[in-house]
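Novice: The listed protein sequences correspond, in order, to chains P and Z.
Each residue of the first sequence is one higher than the one before, starting from 1 at the first, in our numbering.
Each residue of the second sequence is one higher than the one before, starting from 1001 at the first, in our numbering.
All C-beta atoms in this analysis are idealised placements derived from N, C-alpha and C, irrespective of residue type, glycine included.
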Amino acid sequence: GQQVQQSPASLVLQEGENAELQCNFSTSLNSMQWFYQRPGGSLVSLFYNPSGTKHSGRLTSTTVIKERRSSLHISSSQTTDSGTYLCALDDSGGSNYKLTFGKGTLLTVTP
Amino acid sequence: DPKIIQKPKYLVAVTGSEKILICEQYLGHNAMYWYRQSAKKPLEFMFSYSYQKLMDNQTASSRFQPQSSKKNHLDLQITALKPDDSATYFCASSQARLGNYAEQFFGPGTRLTVL
């Protein structure tokens, strides 16, 4: 089955520093999503990005299918960015819409 | 206003009992899902429904039964509860089109504790 590896497992930054989170996958995919999971547990979709680069405020997602990787860049981090970042992908061929998640990167931003 | 509602937010049950987790979505989506997140595992897919029909079932146990009474409802019935069922259960939805993946949106989750 599909393997989704996220790195690093955890990251501590000082406010204002940038972060680069990685997601590597073992087989081809049809879609890639990045989520932010709040400390309380709820999930927020950050990007739906099956290929190419997308921007949203201080966040940038880049997916390179032939290299089987996706990255999430956070610029000028803030304490409110603290939480877990999850990547998830669908390799079901558009029939079952099943997301396979990585274990996540726990980001802590200190003042 | 929340677009995906899950009830209850917290649930405590005793071993062997039965519980129903409620999910309603107001995004107008035609596909709904259940995922589970336990302390020791990543978020994992359980079920997918499209137009109220089961598309995929990745749970090994028949104790987990999804129920779709309306297009925008997908409840999860869990019978003969075990302590290992303790987890946060997330409902999600998307506007699915055959052959094309669509972004999934998640509800706030129901945290189930089985004693």
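#1: What first and last residue would you give for the beta strand (DSSP E) that runs through Z:D1084?
#2: What does P:G102 touch in chain Z if you count any residue whose Cβ is under 7 Å from its own?
#3: If you measure beta-carbon to beta-carbon, which residues of the region 1079 to 1111 of chain Z are closer than 9 Å to chain P?
#4: When the Cα of P:L106 is compared with those of P:A9, P:T27 and P:I74, which residue comes out closest?
#5: Per DSSP, what are the beta-bridge partners of Z:D1056 in this structure?
#6: What does a CB cutoff of less than 7 Å around Z:Y999 pick up in its chain, not counting 5 residues either side in sequence?
#7: Chain Z partners of P:D90, CB-CB under 8 Å?
#8: Where does P:D81 fall in DSSP's three states?
#9: Quick one: what's Z:I1022 bridged to in DSSP?
#10: Taking the beta strand (DSSP E) that P:K54 falls in, what are its first and last residues?
#11: With a threshold of 7 Å on Cβ separation, who are the neighbours of P:P111 within its own chain once the five nearest residues in sequence on each side are excluded?
#12: Using the C-alpha atoms, what's the distance from Z:G1028 back to Z:S1050?
#13: Between Z:L1115, Z:H1073, Z:Q1095 and Z:S1093, which lies nearest to Z:A1087 when the distance is taken from Cα to Cα?
#14: Label Z:E1103 either buried or exposed according to how many other C-beta atoms from any shown protein chain fall within 10 Å of its C-beta, with 16 as the threshold for buried.
#15: With a threshold of 6 Å on Cβ separation, who are the neighbours of P:Q3 within its own chain once the five nearest residues in sequence on each side are excluded?
#16: Please state whether DSSP places P:E20 in a helix, a strand or coil.
#17: Tell me P:A88's beta-bridge partners as DSSP assigns them.
#18: Let's test the definition: count the other Cβ atoms within 10 Å of the Cβ of P:G102 and tell me whether it reaches 16, buried, or not, exposed.
#19: Take the Cβ of P:N49 as the centre, count every other Cβ of all protein chains shown within 10 Å, and call the residue buried at 16 or more, exposed below.
Specialist: In brief:
#1: Position 84 of the second sequence, counted from the first residue, corresponds to residue 1084 of chain Z. Where Z:D1084 is concerned, there is no enclosing beta strand (DSSP E), given that its DSSP letter is neither H nor E.
#2: For this step, residue 102 of chain P is matched to residue 102 along the first sequence. Here the neighbours are P1042.
#3: For the region 1079 to 1111 of chain Z, which is checked against every Cβ of chain P, the residues closer than 9 Å are T1088, F1090, A1092, S1094, A1096, R1097, L1098, G1099, N1100, Y1101, A1102, E1103, Q1104, F1105, F1106, G1107, P1108, G1109 and R1111.
#4: Working through the first sequence from its first residue, we reach residue 106 of chain P at position 106. Comparing Cα-Cα distances from P:L106 to each of P:A9, P:T27 and P:I74, the minimum goes to P:A9.
#5: Residue numbering aside, residue 1056 of chain Z sits at position 56 when the second sequence is read from its first letter. In DSSP, Z:D1056 forms a bridge with Z:S1048.
#6: Past the edges of chain Z, shown from 1001 to 1115, lies residue 999 of chain Z, and the structure says nothing about it.
#7: The residue you call residue 90 of chain P lines up with position 90 of the first sequence. Here the neighbours are Y1101.
#8: Working through the first sequence from its first residue, we reach residue 81 of chain P at position 81. P:D81: helix per DSSP, three-state reduction.
#9: Here residue 1022 of chain Z refers to the residue found at position 22 of the second sequence. Answer by DSSP bridge pairing, in chain order: Z:K1007.
#10: The residue you call residue 54 of chain P lines up with position 54 of the first sequence. Per DSSP, P:K54 belongs to the beta strand (DSSP E) from G52 to S56.
#11: Taking the first residue of the first sequence as position 1, residue 111 of chain P is located at position 111. Excluding residues within five positions, the ones whose Cβ falls inside 7 Å are E15 and T79.
#12: Stepping through the second sequence from its first residue, residue 1050 of chain Z is reached at position 50. Stepping through the second sequence from its first residue, residue 1028 of chain Z is reached at position 28. Taking the straight line from one Cα to the other gives about 12 Å.
#13: As a first step, residue 1087 of chain Z is located in the second sequence; it is residue number 87 there, counting from the start. Of Z:L1115, Z:H1073, Z:Q1095 and Z:S1093, the residue nearest in Cα terms is Z:L1115.
#14: Residue 1103 of chain Z sits at position 103 when you count from the first residue of the second sequence. Exposed, by the Cβ-count rule.
#15: Along the first sequence, read from residue 1 onward, the residue named residue 3 of chain P stands at position 3. The residues S26, in chain order, have a CB closer than 6 Å to that of P:Q3 in the same chain once the five nearest residues on each side in sequence are set aside.
#16: Position 20 of the first sequence holds residue 20 of chain P. Three-state result, P:E20: strand.
#17: Position 88 of the first sequence holds residue 88 of chain P. Per the DSSP secondary-structure output, P:A88 pairs in a beta bridge with P:Q33 and P:F101.
#18: Here the question's residue 102 of chain P lines up with position 102 in the first sequence. Per the 10 Å Cβ criterion, buried.
#19: Reading the first sequence from its first residue, position 49 is the one you call residue 49 of chain P. In this structure P:N49 is buried. Its beta-carbon is surrounded by 16 or more other beta-carbon atoms within 10 angstroms.
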